[in-house]
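First up is the structure itself, then whatever we jot down about it.
Structure below.
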């Protein structure tokens, strides 16, 4: 590592303020929770090397006082018993009455079969929750006879029904149908399967990492996972991770705990979860949320894999980053979630620069200077003064966001309204650049807003995956003739939130210039008319303390 213009350069893709291991492999977020004054984050972790390898994983454990700075505590549970000897796989954390945290998790047993297990905090009064014990009754759920292909995993956080019974959801492939199975228990040890699944579809046979949680119909506050409301003022979200595409999809609906049934708010989207709303259109996956009682909000974690080579991961000695924790709540339309970085990220903001009322004409490129743009938080609002005259017609063949991003959405293409947005992590000669942008199209008397992150020019390095990722932003742009964008830039990590968090795209980039020179940040417009930047603020971000054992004293004192 070396300083460039006074800013530390991170050669190996290491980020400055995102959660990542000091060394070795991490993937799925498992059991985030707030307990006894500290945030705990548990995650899939290989304590022996930087690769997933054989999948014989442990649960890593880190703690924080603010969701920004983290201390690594080692592993919470390890594959030491016959019911998990081949890996402690993904699961969730639940705080039981009386304040005792418990893990529900998938173990790969001595035969490699996926079974469900439980582990309890040995001393719930210990603020660090360092010790966990696995009861001898494991596995608490054996592999079901009607599940095929060894796809039975990832129990959710449990919730209490009005009948006093615990529930959880486990993903399974039942007779070729991807299913969300519901289990009930009176004592958290003996579980019985509900007759009908909460969700089932042969269209997507392999599901994993489900999440199921309540959301308030009005307002931004979060709800405890057991909140029901008797059908008044509360909806629920069913999130499923799709194994083949490595994307997370969700549906908002009504939950009835009498039969453990879920009625979608948008039934026209069908039972194929690929047609549901997408949680993040980029490379983020396996989302897991928890209720933060400290701030009365629901907070979501997402894992972002590496997209360079395995040889690169071995050379740098680590792999995997988590998206910055996001607050999630229900939009006013009652159908989609809003996602936004938790407020604590603003404690890292330092130097600020801004623009206001700046015109970016057709073909325009305006550099934002004054902050280290490889480690920044950028918020911008674009106004479109000639929306009606300049928007192009929308071709129904473009309904596939990935195809649109690749074929029609390239940042260098010239369109009507857009592409316009930000160019980030750019080299001085622009040979390396990542564009985050919008295009607006006319469609049946209305407008479709498309958002894309284009990685095709993000790096000149070989053996790096450089695709383009996009999705539609569900906003009424005709009303305000403006659209907002927030982008977190952190060396190899780029997280973007369009339309106030209605569409999110998270990606990894590996520009070669970052090792020896500064990166650049631009506003651009390749549309046919002028776009106004009504407001832009860019903050240079301080470096957080992440997974340093030395940070523990400071965190526990805060």
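Residue numbers (our numbering): 47 to 604.
All residues carry an ideal CB built from backbone N, CA and C; glycine is no exception.
### Task
Throw me the rounded Cβ distance for the residue 326 and residue 550 pair, which I believe falls under 8 Å.
5 Å
### Task
Could you please give me the residues that DSSP links to residue 516 through a beta bridge?
Assignment of beta-bridge partners to residue 516 by DSSP yields 498.
### Task
Since I believe residue 218 is in contact with residue 193 (beta carbons under 8 Å), could you give me their beta-carbon distance rounded to a whole number of angstroms?
5 Å
### Query
Assuming residue 468 contacts residue 426 under a Cβ cut-off of 8 Å, what Cβ separation, rounded to an integer in Å, is found between them?
7 Å
### Task
Under 6 Å Cβ to Cβ from residue 310, same chain only, skipping five residues before and after it: list those, please.
297, 299
### Query
Does DSSP put residue 566 in a helix, in a strand, or in coil?
strand
### Query
On the three-state DSSP scale, how would you describe residue 257?
Three-state DSSP puts residue 257 in a strand.
### Query
Under a three-way DSSP split, which group does residue 307 fall into?
strand
### Query
Which residues in the same chain have their Cβ closer than 7 Å to the Cβ of residue 207, if we skip the five residues on either side of it in sequence?
213, 303
### Query
Under the DSSP definition of a beta bridge, which residues are partnered with residue 89?
75, 106
### Coarse secondary structure for residue 237, derived from DSSP in three states
strand
### Message
Using the three-state DSSP reduction, which class does residue 97 fall into: helix, strand or coil?
### Response
coil
### Query
Can you give the Cα-Cα distance for residue 52 and residue 253, rounded to whole angstroms?
Low local confidence applies: a pLDDT of 36 at residue 52 is under 50, so the model's placement there is unreliable, with the coordinate-based value given in what follows. Using only the alpha carbons, I get a separation of about 46 Å.
### Query
Which term fits residue 413, buried or exposed, when burial requires 16 or more other beta carbons within 10 angstroms of its beta carbon?
exposed
### Message
Tell me the DSSP secondary structure of residue 360 in three-state form.
### Response
helix
### Query
Does DSSP classify residue 341 as helix, strand or coil?
coil
### Query
How big is the Cα-Cα spacing for residue 591 and residue 91?
C-alpha separation (whole angstroms): 19 Å.
### Task
For residue 490, count neighbouring C-beta atoms within 10 Å of its own C-beta (all shown protein chains included) and say buried if the count is 16 or more, exposed if not.
exposed
### Query
Under the DSSP definition of a beta bridge, which residues are partnered with residue 489?
Residue 489 pairs with 492.
### Message
Given this structure, state the Cα-to-Cα distance separating residue 108 from residue 589, to the nearest angstrom.
### Response
The alpha-carbon atoms of residue 108 and residue 589 are separated by roughly 18 Å.
### Query
Once you ignore the five residues that flank residue 532 on each side, which residues in its own chain have a CB closer than 6 Å to its CB?
Here the set comprises 425, 543.
### Query
When the Cα of residue 264 is compared with those of 376, 228, 411, which residue comes out closest?
376
### Query
For the candidate residues 503, 84, 155, 576, whose alpha-carbon lies nearest to that of residue 101?
Answer by Cα proximity: 155.
### Task
Throw me the rounded Cβ distance for the residue 529 and residue 420 pair, which I believe falls under 8 Å.
That pair is no contact at about 25 Å.
### Query
Opposite residue 334 in the DSSP bridges: which residues?
347, per the DSSP bridge assignment.
### Query
So is residue 61 buried or exposed if we call it buried at 16+ other beta carbons inside 10 Å?
buried
### Query
Do you know offhand how far residue 198's Cα is from residue 161's?
7 Å
### Query
What number of angstroms, rounded off, separates the C-alpha of residue 169 from the C-alpha of residue 146?
Cα to Cα, the separation comes out at about 8 Å.
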